[in-house]
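Heads up, the thing below is written out as structure tokens.
Protein chains: 2
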Amino acid sequence: MNIKSKIGQRIRALRLQKGISQEQLALKAELDRTYMTSVENGKRNISIQNIEKIIKALETTFEEFFKGFDLIV
Amino acid sequence: MNIKSKIGQRIRALRLQKGISQEQLALKAELDRTYMTSVENGKRNISIQNIEKIIKALETTFEEFFKGFDLIV
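Protein sequence lines correspond, in order, to chains Y and X. Under my numbering, the first residue of the first sequence is numbered 222, with each subsequent residue one higher. Under my numbering, the first residue of the second sequence is numbered 222, with each subsequent residue one higher.
So this is what it looks like as structure tokens:
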């Protein structure tokens, strides 16, 4: 799986764990909702600043976010 | 410290641990040397694809790269 899809899958899994919608996550992360949808669908070569916004909105850490990340295939 | 500087500092620390130069890392990561310099200097809102190239060139993993990352201040 390419890196854009891996990131999207990870964000979606954590978002669903928190029980919030894409719209709620986009609002909290101060990102556009359609952009958030495209990130989750693995369509975006997302920047580190936007990753940080999403990680903060998910109330997690970089360490947690990337734990086991390399095992996603 | 802002996220761009944190990423740059982390890359530099791991590169120095491996004992390779910016030029060698840039070559291995198939990235431009001056771009690599600006990333290490915290000047770039680096994309996930370029982070992946650098992590692979450093022969580490996302999990290792971001371990303790949130503690960098």
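Even for Gly, the Cβ is constructed at its ideal location relative to N, Cα and C. Computed from a prediction, not measured in an experiment: that's the story for all the values here.
C-beta neighbour in chain Y for residue i, strict 8 Å
i: X:K266; result: Note on residue identity: the sequence assigns Asn, not Lys, to residue 266 of chain X. X:N266 counts as touching chain Y.
i: X:I269; result: yes
i: X:D253; result: no
Residue i vs residue j beta-carbon contact at 8 Å
i: X:I228; j: X:I267; result: yes
i: Y:E284; j: X:D291; result: yes
i: Y:I269; j: X:K225; result: yes
i: Y:L246; j: Y:R236; result: yes
i: Y:K274; j: Y:E251; result: yes
i: X:V260; j: X:I232; result: yes
i: Y:I272; j: Y:M222; result: no
Minimum Cβ-Cβ distance from residue i to chain X less than 8 Å
i: Y:T282; result: yes
i: Y:G263; result: no
i: Y:G229; result: no
i: Y:K225; result: yes
i: Y:I275; result: no
i: Y:I272; result: yes
i: Y:K249; result: no
i: Y:K288; result: yes
Bridge partner(s) assigned by DSSP for residue i
i: X:S268; result: Y:S268
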